[in-house]
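To start, the structure under review is shown below, and the notes come after it.
Numbering (the UniProt record's numbering), first residue to last: 1 to 171.
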C-alpha cells in the first residue's frame with residue numbers, strides 16, 4: 001500500500017505541475033488576445049476557443065486531485081458525530097460512491113468523444129473530441145484516487161481522518 005500511495009503522490013504532483021504550466025500558458029494566451037485586440041487591432045479569434053479547452057484541461061484533472069487530497073467539498077458534521085466504527089464504513093461508502101461516479105464519468109464521456117471525433121473545431125483545426133477527453137482523464141483519475149481512499153479507509157487502524165471542527169482542535 002505504501003508504494004501505491006507514493007506512486008500516487010508523484011502522479012498527483014505531476015498533474016498539479018502540468019496544470020500549473022497550462023495555467024501559465026492560458027495567461028499568456030489571454031495576454032496575446034488583449035495585445036492583439038487593443039494594440040494590433042487584429043483579434044486572434046482562435047484564442048477564445050483554445051482558452052476554453054485549456055480551462056477544461058486545467059480544472060478537471062485538478063478536481064480529481066482534490067478527491068485524493070480531500071480539498072473537495074464535503075459535509076462531515078453528521079459523520080464525525082457517529083462512533084468511529086460507523087464513521088469508517090460511511091467513509092468507505094462515500095469514497096466508493098465517488099469512485100463509481102469517476103468510473104461512470106470516464107466510461108460515458110468515451111461515448112461523447114466517439115460521437116464528435118470526426119467533427120473539427122473550426123478555429124483550431126483539431127477534433128471536437130478533444131473537448132471531452134479531459135472528462136475521461138478526470139474520471140479515470142477520480143476512480144484511481146478513490147480506490148486509494150477506500151483502501152486507506154479500510155486498512156487504517158484509526159477511524160477516517162478527522163476534518164472540520166474536530167480537526168481544528170489540538171488533543
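Cβ coordinates follow ideal geometry from the N, Cα and C atoms, glycine included. Quantities reported herein were computed from a predicted structural model and do not represent experimental measurements.
{"Item": "For residue 146 and residue 67, which I take to be in contact (beta-carbon distance under 8 Å), what is that distance rounded to the nearest angstrom?", "Value": "6 Å"}
{"Item": "From the DSSP output, read off the bridge partner residues of residue 127.", "Value": "120"}
{"Item": "Would you check if there are 3 or more beta carbon pairs closer than 8 Å linking the segment 46-65 to the segment 13-21?", "Value": "yes"}
{"Item": "Which residue marks the beginning of the alpha helix (DSSP H) containing residue 153, and which one marks its end?", "Value": "133-155"}
{"Item": "Where does residue 70 fall in DSSP's three states?", "Value": "coil"}
{"Item": "Cβ of residue 95 within 9 Å of Cβ of residue 149?", "Value": "yes"}
{"Item": "Counting pairs of beta carbons, one from the segment 128-148 and one from the segment 85-99, are three or more of them closer than 8 Å?", "Value": "yes"}
{"Item": "Alpha carbon to alpha carbon, what distance is there between residue 127 and residue 47?", "Value": "16 Å"}
{"Item": "Cα separation between residue 125 and residue 119?", "Value": "9 Å"}
{"Item": "For residue 22, which residues from the same chain have a beta carbon less than 7 Å from its beta carbon, with the 5 sequence-adjacent residues on both sides left out?", "Value": "54, 57, 58"}
{"Item": "So the alpha helix (DSSP H) residue 5 belongs to, where does it begin and stop?", "Value": "2-38"}
{"Item": "State the CB to CB distance for the pair residue 85 and residue 109, rounded to an integer number of angstroms; the pair is presumed to be in contact (CB under 8 Å).", "Value": "Residue 85 to residue 109, Cβ: 37 Å. No contact."}
{"Item": "Could you check if residue 34 is buried or exposed, using at least 16 other CB atoms within 10 Å of its CB as the buried criterion?", "Value": "exposed"}
{"Item": "On the CB-based measure, 16 or more other CB atoms within 10 Å of its CB, does residue 134 come out buried or exposed?", "Value": "buried"}
{"Item": "For the putative contact between residue 155 and residue 1, defined by C-beta atoms under 8 Å, what is the C-beta separation to the nearest angstrom?", "Value": "6 Å"}
{"Item": "With burial defined as no fewer than 16 other Cβ atoms inside 10 Å of the residue's Cβ, what is the status of residue 42: buried or exposed?", "Value": "exposed"}
{"Item": "Quick one: Cα of residue 104 to Cα of residue 111, how far?", "Value": "11 Å"}
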